[in-house]
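Working notes for the structure below.
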Amino acid sequence: MMQQGHPPVASDNKRDKVSDEEWKRACQFRTSVERWLDTKQKTRAQAEAHAEELHVSPATFYRLVQRYIKKPNTSCFLHSSKKTMPRTGRLTKDQEALMTSTIDTHYLNKRRPTLASAYNELRVDCQLKNIPLPSISAFRKRILSVAPKTVCSKRFSVKHANEKYKLEQGHFPYAEYPLQCIQIDHTPTDRHLVDPENRCVIGRAFLTTAIDCYSRACLGYYVSFAHPSTLSVAMCLTHAVLRKDKWLLKRRISAPWPMHGLPGIIHTDNAKEFRRNLFVRDCQEYGISVLFRPLGQPNFGGTVESWIRNMNRQNHGQPGSTRSPPNKNSDYNPEKDACLTLSELDRRWALFITGVYHNKVHTEIGMPPMAKFEQGLQIMYEKYGKTSREPEDPDRFLLDFLPQVTRTVQKYGVRFNHIEYDGEILDHLLNMGEKRSYTVRYDPRDISKLFIYVPSEQKYYPLVYRDKSLPPMSQYEYNIITREAERAGRALENETQIVESLLEMRRDTEKALKETKHHKRKRRQKALQPSNNPSTVPAINNGERAKHVDGNKLATTREADRDKGGRSEGRKAVYEFDPKILQTGIDLE
Numbered sequence: 007m008m009q010q011g012h013p014p015v016a017s018d019n020k021r022d023k024v025s026d027e028e029w030k031r032a033c034q035f036r037t038s039v040e041r042w043l044d045t046k047q048k049t050r051a052q053a054e055a056h057a058e059e060l061h062v063s064p065a066t067f068y069r070l071v072q073r074y075i076k077k078p079n080t081s082c083f084l085h086s087s088k089k090t091m092p093r094t095g096r097l098t099k100d101q102e103a104l105m106t107s108t109i110d111t112h113y114l115n116k117r118r119p120t121l122a123s124a125y126n127e128l129r130v131d132c133q134l135k136n137i138p139l140p141s142i143s144a145f146r147k148r149i150l151s152v153a154p155k156t157v158c159s160k161r162f163s164v165k166h167a168n169e170k171y172k173l174e175q176g177h178f179p180y181a182e183y184p185l186q187c188i189q190i191d192h193t194p195t196d197r198h199l200v201d202p203e204n205r206c207v208i209g210r211a212f213l214t215t216a217i218d219c220y221s222r223a224c225l226g227y228y229v230s231f232a233h234p235s236t237l238s239v240a241m242c243l244t245h246a247v248l249r250k251d252k253w254l255l256k257r258r259i260s261a262p263w264p265m266h267g268l269p270g271i272i273h274t275d276n277a278k279e280f281r282r283n284l285f286v287r288d289c290q291e292y293g294i295s296v297l298f299r300p301l302g303q304p305n306f307g308g309t310v311e312s313w314i315r316n317m318n319r320q321n322h323g324q325p326g327s328t329r330s331p332p333n334k335n336s337d338y339n340p341e342k343d344a345c346l347t348l349s350e351l352d353r354r355w356a357l358f359i360t361g362v363y364h365n366k367v368h369t370e371i372g373m374p375p376m377a378k379f380e381q382g383l384q385i386m387y388e389k390y391g392k393t394s395r396e397p398e399d400p401d402r403f404l405l406d407f408l409p410q411v412t413r414t415v416q417k418y419g420v421r422f423n424h425i426e427y428d429g430e431i432l433d434h435l436l437n438m439g440e441k442r443s444y445t446v447r448y449d450p451r452d453i454s455k456l457f458i459y460v461p462s463e464q465k466y467y468p469l470v471y472r473d474k475s476l477p478p479m480s481q482y483e484y485n486i487i488t489r490e491a492e493r494a495g496r497a498l499e500n501e502t503q504i505v506e507s508l509l510e511m512r513r514d515t516e517k518a519l520k521e522t523k524h525h526k527r528k529r530r531q532k533a534l535q536p537s538n539n540p541s542t543v544p545a546i547n548n549g550e551r552a553k554h555v556d557g558n559k560l561a562t563t564r565e566a567d568r569d570k571g572g573r574s575e576g577r578k579a580v581y582e583f584d585p586k587i588l589q590t591g592i593d594l595e
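If you read the sequence shown in the working numbering, its first letter stands for residue 7, the second for the next number, and so on.
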């Protein structure tokens, strides 16, 4: 028996009698339904997008899917002409036109009014035009009949509607074997961290990660408090390409992480650190192509975006988690609950990647990323005759992706950030008598050493401080010194000022640490001191003798009062504290 509301299906011997337009529409239904059934992860938004494409409601689209499952042919989408006729409503044309006008004017706008508010506007318009007011249920049905994508675009934005309801045509980019294409992206972590010395809250770190598009394996990552930059990309790419045995040993991790090798394509967004010509050329030097996703379309980077969400989800429910998106109505303060340092978070993520993520079945590929990567290496060799590539000089690979400047060699050496550097190779370059500019690489984490590239030898040579009294510092520290110097009205022109500024900064830091520890100690001592209010001092039972602490430090006056024949002080206790008790935390009980 056919359910009520379902149009009867045309028989097979009548399919040649339908019009070309009806048959074409039935073919469109079948194409859309088959695409939906081929999708592994089905969502409500995708169903609404299919319904929008077919100009039907989501409920009708679901019925079409069930109809095709029961009878998988094109004829199942053909209806009799009687049932395909639109249903005639009970409302007049004036009521329908007024509701349509009210919805367009008072509901579909960026102020996003409620249905009740729009219905009140309809009430006013009906009274002004002397038209009977339709019921609110009829008005609600007219709103629900508007395409969801249209509602989203007019009440929010066209971009948001396209992101929510646009059909994603498979995965991009396609990969047929491991390391053919990887995706790199940045994100702030959903967790507050503390400093390792005083356990004070510092803030959230930034994560840069590289994901293999074929196996969904994590090839490498880099986490730091510094905002995403050229250094973040260089460190992440180096971690992804090189072997990780020493890296895991340093973090006391026994689980394997065999993924490594030079990728064929790096797929990124359009951030400035990726758009630099130097980064593109450095990649091309190692046979790596750089591919940028279309502007404003993050779905093209869905592989790495999905992995980032998965990683941040591991922080949710843990101490210091921001619980993205944060709940404004919650009393939970993640900064007060933060407990992990940057190195502890780094090790925690490494344990999760090597021990859990790589060995757990991935829903999109149907197997663990570790097994998929190993399987892909065999396919890569047997089908394409390729093996994973590795850089010949691992140390130079990192140098080739570090930030660079152009400098000339002078008698004093090489000057960078108003600091002079020297090295054995500089004498040779000066004796050549050829004045030219050289490429100098530097690590922003430690600018005490530079690396000058000699084209004739195709090799980097280290340069160190000319003034040996200069302490190691980062580019961040140097920038702070420069700003403070400019604020004080002087310029940094020699190393003496740099040393003085560094020493002054460190003295201020040590002083601040001492002050912080002193105030914390005072608060703890104050919390342990007895109150002056007698009611807060615990009374000792008359029938019990108080315990002595360190001989005569704590006793009652009950015996003394009894010798004197008095009872006025018999119910009071006198406490004598040893200062050592406050320091050692000895329990008075």
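All C-beta atoms in this analysis are idealised placements derived from N, C-alpha and C, irrespective of residue type, glycine included.
Neighbourhood of residue i by C-beta distance below 7 Å, restricted to the same chain and skipping five residues each side
i, result
"Ala51", "Lys170, Tyr171"
"Cys33", "Thr80"
"Arg118", "Arg161"
"Ser38", "His56, Glu59, Leu60"
"Arg489", "none"
Neighbour-count burial assignment, residue i, 16 or more Cβ in a 10 Å radius
i, result
"Phe231", "exposed"
"Phe35", "buried"
"Asp196", "buried"
"Ala65", "exposed"
"Pro140", "buried"
"Asp401", "exposed"
"Glu54", "buried"
"Pro234", "buried"
"Asp100", "exposed"
"Val130", "exposed"
"Thr328", "buried"
"Gly391", "exposed"
"Lys89", "Low confidence applies to Lys89: its pLDDT is 45, below 50, so where it sits in the model is not reliable, and the reading given next is rough at best. When all chains shown are included, Lys89 counts as exposed."
"Tyr418", "exposed"
Same chain, Cβ closer than 6 Å to residue i, five either side skipped, listed in chain order
i, result
"Arg353", "Arg257"
"Gly361", "Ala261"
"Val296", "Ile272, Val286, Cys289"
"Ala167", "Lys155, Cys158, Ser159"
"Val310", "Gln189, Asp191, Ile217"
"Val207", "His198, Val200, Glu341, Ala344"
"Ser541", "Model confidence at Ser541 stands at a pLDDT of 43, short of 50, so the residue's coordinates are unreliable; what they give is reported in the following sentence. Hits under 6 Å: none found."
Nearest-angstrom beta carbon gap, residue j and residue i [assumed within contact, 8 Å]
i, j, result
"Val420", "Leu456", "7 Å"
"Leu225", "Ile188", "6 Å"
"Ser394", "Leu248", "The Cβ separation is near 12 Å, so there is no contact."
"Leu405", "Arg442", "Actually they do not touch by this definition, with Cβ atoms about 20 Å apart."
"Ile314", "Asp191", "6 Å"
"Arg472", "Asp428", "4 Å"
"Ala124", "Ile137", "Not a contact, Cβ separation roughly 16 Å."
"Pro468", "Leu237", "Wrong, their Cβ atoms sit about 18 Å apart, outside the cutoff."
First and last residue of the uninterrupted beta strand (DSSP E) at residue i
i, result
"Pro194", "187-200"
"Gly382", "Here Gly382 belongs to no beta strand (DSSP E); instead the alpha helix (DSSP H) covers 375-390."
"Ser443", "443-449"
"Arg210", "207-218"
"Ser454", "452-460"
"Val229", "224-230"
First and last residue of the uninterrupted alpha helix (DSSP H) at residue i
i, result
"Cys345", "Run containing Cys345: none; DSSP gives neither H nor E here."
"His4", "Residue 4 falls outside the range modelled here, since the chain spans only 7 to 595, and no answer is possible."
"Arg413", "Premise fails: Arg413 lies in the beta strand (DSSP E), 410-414, not in any alpha helix (DSSP H)."
"His424", "Neither: His424 is in no alpha helix (DSSP H) and is coded neither H nor E."
"Val39", "26-44"
"Ala51", "50-60"
"Lys155", "154-161"
"Arg402", "400-407"
Close beta carbons around residue i, own chain, < 8 Å, minus the five adjacent residues each side
i, result
"Gly270", "Leu185, Gln186, Cys187, Gly293, Ile294, Ser295"
"Glu58", "Ala153, Pro154, Lys155, Tyr171"
"Tyr387", "Thr393"
"Tyr363", "Cys224, Asn316, Pro375"
"Gly382", "Tyr183, Pro184, Tyr220, Ser221"
"Ile371", "Ser221, Arg222, Lys378"
"Thr45", "Gln52"
Completely contained alpha helix (DSSP H) runs for the region 470-531, where each covers 4 or more residues: 481-493
Uninterrupted alpha helix (DSSP H) stretches inside the region 68-144 (no shorter than 4 residues): 99-108, 121-134
Whole runs of the beta strand (DSSP E) within the region 241-313, excluding any shorter than 3 residues: 271-274, 295-298
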